[in-house]
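Participant: The sequence shown begins at 12 in my numbering and counts up one residue at a time.
Got a structure here, written out as structure tokens. Questions coming.
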Amino acid sequence: MANSNLIFSDSSDSGHWIELEAASPNTLQADLEALGWKVQQTGGAVRVHCLESDSAAELSVLVNRLLADIKVRHQISLKAKTLDLLPLEATLLTENNACQLLPFGIHRLDADTVVAVSMAGDHAFLSQHELLTLLETPEKLALDKRAALQSKYFLMNPQSLGSTGLLHSRIAARKETVLAGHSLHIFVPTLQCEHSCQYCQVSRRLEDSGHSMTAAQVDAACDTVFESSSNSLTVEFQGGDPLLRFDLIQRAVNRIQLLNKSHQRRIRFVITSTLHQLTPAMCEYLRDNQIHLSTSLDGPANLHNKNRPLPSRDAHARTVAGIELARSIMGSGAVAALMTTTRASLAYPEAIVDEYVRLGFGEICIRPLSLYGFAKRNIKHLGYTLDEFTHFYERALQRVLEWNFDGTELREGTAALILNKLLSPFDAGYVDLQSPTGSGSAVLVYNYDGYVYPSDEARMLAESGDKSLRLGEIGEPLWQLMKSPVIEGLLINSISTQVPGCTKCAFNSFCGPDPVAAQAEFGSMKILSLTTEHCKRYKWMFDYFFRRLRSADDSFLDLAYLWASPAGKNDA
12 MANSNLIFSD SSDSGHWIEL EAASPNTLQA DLEALGWKVQ QTGGAVRVHC
62 LESDSAAELS VLVNRLLADI KVRHQISLKA KTLDLLPLEA TLLTENNACQ
112 LLPFGIHRLD ADTVVAVSMA GDHAFLSQHE LLTLLETPEK LALDKRAALQ
162 SKYFLMNPQS LGSTGLLHSR IAARKETVLA GHSLHIFVPT LQCEHSCQYC
212 QVSRRLEDSG HSMTAAQVDA ACDTVFESSS NSLTVEFQGG DPLLRFDLIQ
262 RAVNRIQLLN KSHQRRIRFV ITSTLHQLTP AMCEYLRDNQ IHLSTSLDGP
312 ANLHNKNRPL PSRDAHARTV AGIELARSIM GSGAVAALMT TTRASLAYPE
362 AIVDEYVRLG FGEICIRPLS LYGFAKRNIK HLGYTLDEFT HFYERALQRV
412 LEWNFDGTEL REGTAALILN KLLSPFDAGY VDLQSPTGSG SAVLVYNYDG
462 YVYPSDEARM LAESGDKSLR LGEIGEPLWQ LMKSPVIEGL LINSISTQVP
512 GCTKCAFNSF CGPDPVAAQA EFGSMKILSL TTEHCKRYKW MFDYFFRRLR
562 SADDSFLDLA YLWASPAGKN DA
């Protein structure tokens with residue numbers, strides 16, 4: 012994370028400028044411009060234009076707003092309490108300064124406390140008295156509280172120049188994932204896999220045939236990738252186990268790299284695999300082409316082998332061997348891992364976290380079951396209630412925190428996702444928490460069956476017989492795929508400001524309905540969102556982390572802001 016220092020504020024004929032000294036001035040300038048600030052660089056420093064006014068009150072508000080915008084990715088301060096750089100008694104806030112109350116949502120934490128969330132996605136913890144004062148007579152709020160609420164877009168001075176534009180830019184920044192175009196392209200070269208995992212959604216046995224893409228389909232999918240308007244592209248290979256068709260992976264990577272000589276996009280390749288088929292020659296190719304690996308690791312050997320059985324009963328040992336092989340040739344950061352929580356996992360949250368530390372991983376993601384395909388058929392002996400999962404999650408997260416506070420860095424992926432939503436103006440790009448949905452607007456799946464789907468979950472639905480979410484055939488132009496009535500249905504049923512059950516939810520700045528999940532759970536996208544498992548789980552997550560933030564000490568706050576920075580987007 013880059014270190015930045017506030018040097019001075021300067022008043023001139025053109026208004027106030029704040030000068031920042033940054034370790035990465037180009038990145039700082041790009042971040043601020045994306046949020047609507049007027050920025051200059053002079054002699055390695057970044058100058059930020061605050062307003063066309065001499066009002067010290069407005070300057071105080073905007074300085075706080077500026078620092079809130081950049082503190083996650085540029086370390087001026089990690090703690091909100093240190094952000095008031097200008098003395099509030101000098102801000103000239105008086106009862107005569109009119110303020111316009113902007114729309115916001117509230118979520119009650121206890122009888123006397125709510126968390127309020129503005130349109131910009133900023134939050135404030137308010138007592139019942141403060142809430143009523145804000146709604147009825149905001150000019151009577153304490154000066155520090157009123158300035159803080161104005162900087163977070165709960166209040167706006169109608170005469171403030173530029174504040175509306177900054178608000179719109181903040182909202183747009185949170186929608187970057189769905190506004191930037193199709194940034195995630197998933198190839199499913201084969202459905203074959205040697206595992207017979209109880210919770211698997213889609214895989215087929217090795218001896219099965221007819222479950223792989225053709226070379227022509229691979230080529231056509233590569234061409235469609237570059238029809239996307241996104242400048243940053245992630246190409247991910249899933250399965251089955253895609254390493255079983257390494258020839259198709261190589262064909263796709265080579266073609267995309269060739270096409271990119273003229274398109275000049277930023278491209279990241281990822282392969283999701285058991286790693287059991289991995290060879291030194293494969294690792295050398297992956298290293299030379301900067302391709303990352305992701306694998307499944309459900310915990311210690313006994314648990315992993317139960318969840319992911321092989322006839323040889325050595326799934327865990329073979330996965331660990333693949334991890335070690337990849338690291339030895341590709342580097343220590345070559346492999347990421349994900350776990351899936353089954354009923355058998357619930358008794359071992361600490362042991363699962365400890366296994367990730369033992370194997371040298373810097374991140375763990377505590378994931379629930381995905382109720383698609385074969386996993387849904389086995390739910391009676393694999394599944395659990397939401398309360399059981401959240402209890403498991405709290406214990407696992409506490410173990411992660413203990414490791415961090417003892418000096419071992421370990422990031423929990425779900426917590427990082429939620430904290431990014433709550434604390435950062437920059438979206439982490441998780442397509443399942445978008446409004447409108449990222450399915451079909453940020454992600455496309457090119458499946459082995461020759462069809463294009465709007466998400467990984469949609470192609471899993473097809474494997475269980477529901478093919479209603481197909482967009483078209485591989486090779487159809489992108490504009491034609493986007494005219495599919497499926498896209499219209501996904502959009503209509505995922506706008507949180509319009510969908511019943513979401514319109515008055517305090518968390519709709521952070522979230523969005525998941526119509527694909529609704530289709531899987533209820534057989535229709537047109538479902539009251541608050542009845543879905545997706546909604547219930549994430550409402551619990553938002554409530555839980557707001558409670559943690561409200562009572563957090565400095566150690567937790569420092570870690571929370573560190574995790575809130577979108578992974579891979581730090582300056583350090």
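Yeah, the Cβ is synthetic: ideal placement off N, Cα and C, and Gly gets one too.
Return helix, strand or coil for Leu-99, following the three-state DSSP convention.
Facilitator: One-based indexing of the sequence shown puts residue 99 at position 88. For Leu-99, the pLDDT reaches just 29, beneath the cut-off of 50, and the residue's location in the model is therefore unreliable, leaving the point undetermined.
Participant: Please report how far the alpha carbon of Gln-86 lies from the alpha carbon of Ile-334, in whole angstroms.
Facilitator: Stepping through the sequence shown from its first residue, residue 86 is reached at position 75. Stepping through the sequence shown from its first residue, residue 334 is reached at position 323. Note that Gln-86 scores 48 on pLDDT, short of 50, meaning its location in the model is unreliable and no value can be drawn from it.
Participant: Taking the continuous alpha helix (DSSP H) assigned at Asp-398, which residues delimit it?
Facilitator: Sequence index remark: in the sequence shown, residue 398 carries index 387 (1-based). Segment 397-416, the alpha helix (DSSP H) holding Asp-398.
Participant: Please state if the CB of Ser-307 and the CB of Thr-285 are separated by a distance shorter than 8 angstroms.
Facilitator: Walking along the sequence shown from the start, residue 285 turns up at place 274. Walking along the sequence shown from the start, residue 307 turns up at place 296. Going by C-beta atoms, Thr-285 is nearer than 8 angstroms to Ser-307.
Participant: Output needed for Glu-544: all residues of its chain with C-beta closer than 8 angstroms, excluding positions within five of it in sequence on either side, in chain order.
Facilitator: Position 533 of the sequence shown, counting from 1, holds the residue named residue 544. So the list reads Leu-382, Leu-397, Ala-528, Glu-532, once near-sequence residues are dropped.
Participant: What is the DSSP secondary structure of Asp-121, counted as helix, strand or coil?
Facilitator: As a position in the sequence shown, residue 121 is number 110, starting the count at 1. Residue state, collapsed to three classes: strand.
Participant: Can you find the residues in the same chain that come closer than 8 angstroms, C-beta to C-beta, to Pro-593, ignoring five residues on each side of it along the sequence?
Facilitator: The shown model of the chain, from 12 to 583, leaves out residue 593, and the question about it has no answer.
Participant: Look at the alpha carbon of Asp-346 and the alpha carbon of Cys-294, and state the distance between them as a whole number of angstroms.
Facilitator: As a position in the sequence shown, residue 346 is number 335, starting the count at 1. As a position in the sequence shown, residue 294 is number 283, starting the count at 1. A quick correction: the sequence has Val, not Asp, at residue 346. Approximately 11 angstroms, taken between the alpha carbons.
Participant: If distances are taken between C-alpha atoms only, which option among Asp-569, Tyr-164, Val-510 comes closest to Cys-546?
Facilitator: Translated into the one-based positions of the sequence shown, residue 546 becomes position 535. Checked all of Asp-569, Tyr-164, Val-510; the closest Cα to Cys-546 is Val-510.
Participant: Provide the residue span of the beta strand (DSSP E) that contains Met-350, from first to last.
Facilitator: To locate residue 350, count along the sequence shown from 1; it is residue 339. 346-351 is the span of the beta strand (DSSP E), which, as asked, contains Met-350.
Participant: How is Gly-333 classed by DSSP in three states: helix, strand or coil?
Facilitator: Numbered from its first residue, the sequence shown carries residue 333 at position 322. It is helical.
Participant: Do you know whose CA, among Thr-514, Phe-567, Arg-559, lies nearest Ser-540's CA?
Facilitator: Within the sequence shown, the letter at position 529 stands for residue 540. The option with the nearest alpha carbon to Ser-540 is Thr-514.
Participant: Go through its chain and collect everything with a Cβ distance to Gln-445's Cβ below 6 angstroms, but skip five positions before and after it.
Facilitator: For the purposes of this step, residue 445 is taken as residue 434 along the sequence shown, with counting starting at 1. Only Thr-188, Val-189, Gly-523 meet the Cβ criterion.
Participant: What does the alpha-carbon distance come out to for the pair Leu-17 and Phe-518?
Facilitator: Working through the sequence shown from its first residue, we reach residue 17 at position 6. Working through the sequence shown from its first residue, we reach residue 518 at position 507. Because Leu-17 sits at a pLDDT of 42, beneath the cut-off of 50, its placement in the model cannot be relied upon, and the following sentence gives the value as read from the coordinates. If I take the Cα positions, the gap works out to 32 angstroms.
Participant: At what residues does the alpha helix (DSSP H) containing Phe-556 begin and finish?
Facilitator: Start at 1 with the first residue of the sequence shown, and residue 556 comes out as number 545. Where Phe-556 is concerned, the enclosing alpha helix (DSSP H) stretches over 544-561.
Participant: When you compare each of Gly-394, Ile-390, His-315 to Tyr-367 by their alpha carbons, which one comes out closest?
Facilitator: Locating residue 367 in the sequence shown gives position 356, counting from the first residue. Of the candidates Gly-394, Ile-390, His-315, the one whose C-alpha sits nearest the C-alpha of Tyr-367 is His-315.
Participant: In angstroms with no decimal places, state the Cα-to-Cα distance between Val-442 and Leu-492.
Facilitator: Stepping through the sequence shown from its first residue, residue 442 is reached at position 431. Stepping through the sequence shown from its first residue, residue 492 is reached at position 481. Going by the C-alpha atoms only, they are around 19 angstroms apart.
Participant: Roughly how many angstroms separate the alpha carbons of Thr-352 and Arg-378, rounded to a whole number?
Facilitator: As a first step, residue 352 is located in the sequence shown; it is residue number 341 there, counting from the start. As a first step, residue 378 is located in the sequence shown; it is residue number 367 there, counting from the start. Near 6 angstroms, if we compare the C-alpha coordinates of Arg-378 and Thr-352.
Participant: Extract the residue ranges of the alpha helix (DSSP H) inside the region 454-523, only unbroken runs of 4 or more that lie entirely within it.
Facilitator: Complete alpha helix (DSSP H) runs here, min 4: 467-474, 489-492, 496-503.
Participant: Drop a sphere of 10 angstroms on the beta-carbon of Asp-133, count the other beta-carbons inside from all chains shown, and report buried for 16 or more, exposed for fewer.
Facilitator: What you label residue 133 is simply residue 122 of the sequence shown in a count that begins at 1. It is buried - the Cβ of Asp-133 has at least 16 other Cβ atoms within 10 Å.
Participant: Tell me whether Lys-49 sits in a helix, a strand or coil according to DSSP, three-state version.
Facilitator: The residue labelled residue 49 in the question sits at position 38 within the sequence shown. It is a strand residue.
Participant: For Ser-284, which of helix, strand or coil comes out of DSSP?
Facilitator: Start at 1 with the first residue of the sequence shown, and residue 284 comes out as number 273. It is coil, neither helix nor strand.
Participant: Start and end of the beta strand (DSSP E) containing Ala-135?
Facilitator: Your numbering for residue 135 matches position 124 in the sequence shown. Note, Ala-135: beta strand (DSSP E), 134-138.
Participant: What residue range does the alpha helix (DSSP H) around Ser-35 cover?
Facilitator: Working through the sequence shown from its first residue, we reach residue 35 at position 24. Element bounds for Ser-35: n/a, residue is neither H nor E.
Participant: Just to confirm the assignment, what range does the alpha helix (DSSP H) spanning His-274 have?
Facilitator: Start at 1 with the first residue of the sequence shown, and residue 274 comes out as number 263. His-274 -> alpha helix (DSSP H) spans 257-274.
Participant: Select from Gln-52, Val-128, Ile-197 the residue whose C-alpha is nearest the C-alpha of Tyr-459.
Facilitator: Position 448 of the sequence shown, counting from 1, holds the residue named residue 459. Closest by alpha carbon: Ile-197.
Participant: Provide the residue(s) that pair with Arg-58 in DSSP beta bridges, ordered along the chain.
Facilitator: Indexing the sequence shown from 1 puts residue 58 at position 47. Its beta-bridge partners are Glu-30, Gln-51.
Participant: On the DSSP bridge assignment, give the partners of Met-167 in chain order.
Facilitator: Here the question's residue 167 lines up with position 156 in the sequence shown. Bridge partners of Met-167: Gln-111.
Participant: Might you give, ordered along the chain, the residues of its own chain that have their beta carbon closer than 7 angstroms to the beta carbon of Glu-420, omitting 5 neighbours on each side?
Facilitator: Stepping through the sequence shown from its first residue, residue 420 is reached at position 409. Counting only Cβ-Cβ distances below 7 angstroms, and skipping sequence neighbours, we find Gly-373.
Participant: In chain order, what residues of the same chain lie with their CB nearer than 7 angstroms to the CB of Ile-278, ignoring the 5 residues before and after it?
Facilitator: As a first step, residue 278 must be located in the sequence shown, where it is residue number 267. Correct list, in chain order: Leu-244, Val-246, Ile-267, Asn-271.
Participant: Reducing DSSP to helix, strand and coil, say where Arg-319 ends up.
Facilitator: Reading the sequence shown from its first residue, position 308 is the one you call residue 319. Coil, per DSSP.
Participant: Verify whether the separation of the beta carbon atoms of Leu-482 and Tyr-464 is less than 8 angstroms.
Facilitator: Sequence index remark: in the sequence shown, residue 482 carries index 471 (1-based). Sequence index remark: in the sequence shown, residue 464 carries index 453 (1-based). For Leu-482 and Tyr-464, yes; Cβs fall inside 8 angstroms.
Participant: Which stretch, first to last residue, makes up the alpha helix (DSSP H) that contains His-179?
Facilitator: The residue labelled residue 179 in the question sits at position 168 within the sequence shown. Start and end: 174-185.
Participant: Can you give me the start and stop residues for the alpha helix (DSSP H) that Ile-604 sits inside?
Facilitator: Residue 604 lies beyond the residue range present for the chain, which begins at 12 and ends at 583; the question has no answer from this structure.
Participant: If we cut at 8 angstroms on Cβ distances, does Leu-501 have a partner in chain C?
Facilitator: You won't find chain C in this structure, because it holds only one protein chain.
Participant: Whole-angstrom Cβ separation of Val-454 and Arg-470, contact assumed at under 8 angstroms?
Facilitator: Sequence index remark: in the sequence shown, residue 454 carries index 443 (1-based). Sequence index remark: in the sequence shown, residue 470 carries index 459 (1-based). Not a contact, Cβ separation roughly 11 angstroms.
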